[in-house]
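Going letter by letter, the sequence shown gives residues 0 to 325 in numbering that gives the first Met the number 0.
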Amino acid sequence: MQLTDSLGRTINYLRLSVTDRCNMRCSYCMPAEGVTRKRHEDVLRYEELQLIAETAVSLGIEKIRITGGEPLVRAGIVEFLSRLAHIDGLRHLAITTNGLLLDKMAGDLYQAGVQRLNVSLDSLHRETFAAITRGGDLDRVLSGLDAAERAGFPPPKINMVVMRGVNDGEILDFAELTRSRGNSVRFIEYMPVIKEDAWQRYCISGEEILQRIAAHHTLEHVCKGAFAGPSCDFRIQGAQGTLGIITAVSGHFCGECNRIRVTSTGQAKGCLFSDETTDLVPYLRPPDPAALTEVMKGIVMAKPKGHHITSNGYEHKNFTMAQIGG
C-alpha cells in the first residue's frame, strides 16, 4: 500500500519518539537548565507506541526511526525495538542516538533487529564537544562508533549541526570521516528551534558548506536510496562513505518530505515546524485501532505544504528537539 498526502507526496517514514529525556544538554536542542520532564503517566507505554507503529505500517509506512530525547536511556528499549523489527511490512528500522551508551548497547541493538544507526556528533575536539553538549564525553561517543561496527552495523551515519564560530572549522575533518572510517556524514544547517536571539549568527548555508568541501575534494553526486532522508548527497572520489547537506533553512525540501512524527506523549505532527498537532492518546487509552487508523490517515492528508522558516525570521511555537523527537 502506498500512503500519499493531499499534495501527492509519498509518506513512508515515521519518526517515533520514545522519551523526552536525554543524558546531554546540547545548546541548540534545549536551554541550559534543561526542560521540564513529562510525568511518567504522560509518556506513552511501549504497547501504545507499538500500536502506533503497527497502524502506520498497515497504512504504508515502510521506515521507522526511533528518536528521543535520547532513546537509549529508556528502560526496556531493546525489547521494544525487537518487537518493532518483527512488524510485518516494516522494511527499515533505524535509531538516532547521541552515542553515549552505544559502547555498551550496540550488540544488543543489532541483535534486536535495528538496521541503521544515526549518531549526533557535532565536534571531534573534546573541549568543543563538551561545550556544545554541556559536559558530554567525546571519547565515549567515539568508542560507541567502534562498538557499533564490531557488532555488525554498517558505519553509522553521523549528523553534524554546523554552527559558525563554534564548529565550522571542523567541516573538512568530518568530510574526511567518509574516507578514513567510511561513515556517511550529514551536515545540517542550524535551525532556530529554541528561538534564541540573533540565531542567524550561527547559520551557515548548505551551499557554503559544500563549497568549502569542494575547494579541497572532487565530489560526485550520489543518488539517494528508497528510504533516504532530506539530504542532498555527494561522495568524495574514492571514499566509501558519503556526505550529505540538509538545507532546512536556506533551501526548503518540503516538496520531497516523506515523513510524519509522533512525540513520546502521543502528539502527531505532519511537519517539525508546524504548530498543528493531533493528540493520539484518546485512541490509545483505551486502544481503538480502527479509530487510530482513520486519525493517522487524516494526519497525512493534513500535512502542510511546507514551513516558513528563512534566514530572516520565522513563526512557530517554542519547543526543544528533545520534546518533539529530532
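Glycine included, every Cβ here is placed at the ideal spot set by N, Cα and C.
Quick caveat: nothing in here was measured; it's all calculated off a predicted structure.
Please name the residue, chosen from the options, that lies closest to residue i on a Cα-to-Cα basis.
| i | options | result |
| --- | --- | --- |
| residue 246 | 25, 238, 203 | 203 |
| residue 79 | 97, 101, 52, 62 | 52 |
| residue 77 | 87, 164, 105 | 105 |
| residue 17 | 67, 110, 55 | 67 |
| residue 22 | 133, 303, 1, 294 | 133 |
| residue 98 | 54, 140, 86 | 140 |
| residue 145 | 127, 118, 170, 161 | 118 |
| residue 149 | 289, 262, 107 | 107 |
| residue 116 | 101, 199, 259, 272 | 101 |
| residue 103 | 91, 72, 126, 112 | 72 |
| residue 303 | 275, 290, 283 | 275 |
| residue 263 | 41, 10, 9, 89 | 41 |
| residue 189 | 26, 220, 8, 0 | 26 |
| residue 210 | 90, 292, 242, 286 | 242 |
| residue 39 | 74, 61, 163, 56 | 74 |
| residue 269 | 253, 280, 283 | 253 |
| residue 230 | 126, 89, 292, 158 | 158 |
| residue 258 | 50, 55, 49, 29 | 55 |
| residue 281 | 271, 273, 294 | 294 |
| residue 0 | 24, 89, 85 | 89 |
| residue 122 | 290, 174, 301, 57 | 174 |
| residue 287 | 126, 143, 50 | 50 |
| residue 91 | 277, 267, 11, 290 | 11 |
Buried or exposed: which applies to residue i, given that a residue is buried once 16 or more other Cβ atoms fall within 10 Å of its Cβ?
| i | result |
| --- | --- |
| residue 248 | buried |
| residue 31 | exposed |
| residue 217 | exposed |
| residue 255 | exposed |
| residue 376 | Nothing can be reported for residue 376, as the shown portion of the chain is limited to 0 through 325. |
| residue 222 | exposed |
| residue 165 | buried |
| residue 135 | buried |
| residue 179 | exposed |
| residue 160 | buried |
| residue 13 | buried |
| residue 6 | exposed |
| residue 138 | exposed |
| residue 232 | buried |
| residue 61 | buried |
| residue 171 | exposed |
Sort out for me which residues DSSP pairs residue i with in a bridge.
| i | result |
| --- | --- |
| residue 388 | Because the chain here runs from 0 to 325, residue 388 falls outside it and cannot be looked at. |
| residue 220 | 233 |
| residue 243 | 185, 232 |
| residue 261 | 15, 267 |
| residue 156 | 117 |
| residue 161 | 188 |
| residue 283 | 286 |
| residue 3 | 9 |
| residue 96 | 118 |
| residue 41 | Bridge partners of residue 41: none, in fact. |
| residue 277 | 267 |
Would you check whether the ligand GDP has a heavy atom nearer than 7 Å to the C-beta of residue i?
| i | result |
| --- | --- |
| residue 12 | The ligand GDP is absent from the structure shown, which contains no ligands of any kind. |
Measure the C-alpha to C-alpha separation of residue i and residue j and round it to an integer number of angstroms.
| i | j | result |
| --- | --- | --- |
| residue 3 | residue 299 | 7 Å |
| residue 20 | residue 131 | 17 Å |
| residue 64 | residue 94 | 5 Å |
| residue 185 | residue 197 | 24 Å |
| residue 83 | residue 70 | 14 Å |
| residue 81 | residue 214 | 44 Å |
| residue 128 | residue 110 | 30 Å |
| residue 36 | residue 47 | 20 Å |
| residue 45 | residue 15 | 11 Å |
| residue 168 | residue 120 | 14 Å |
| residue 199 | residue 206 | 16 Å |
| residue 43 | residue 283 | 9 Å |
| residue 29 | residue 191 | 11 Å |
| residue 260 | residue 236 | 35 Å |
| residue 370 | residue 34 | Outside the displayed span of the chain (0 to 325) sits residue 370, for which this structure offers no information. |
| residue 315 | residue 273 | Since pLDDT at residue 315 reaches only 49, below the 50 mark, its modelled position is unreliable, and the value read off the structure follows with that caveat. C-alpha separation (whole angstroms): 7 Å. |
| residue 318 | residue 96 | With a pLDDT of 49 at residue 318, under the threshold of 50, the modelled position of that residue is not reliable, and the figure given next carries that caveat. Answer to the nearest angstrom: the Cα atoms are 19 Å apart. |
| residue 182 | residue 240 | 5 Å |
| residue 152 | residue 114 | 7 Å |
| residue 290 | residue 58 | 13 Å |
With 8 Å set as the bound, which would you pick, yes or no: does the beta-carbon of residue i sit closer than that to a beta-carbon of chain B?
| i | result |
| --- | --- |
| residue 42 | As a matter of chain content, chain B is missing from the structure shown, which is built from one protein chain. |
At which residue ranges does the region 113-150 contain complete alpha helix (DSSP H) runs of 4 or more residues, listed in the order of the chain? 125-132, 137-150
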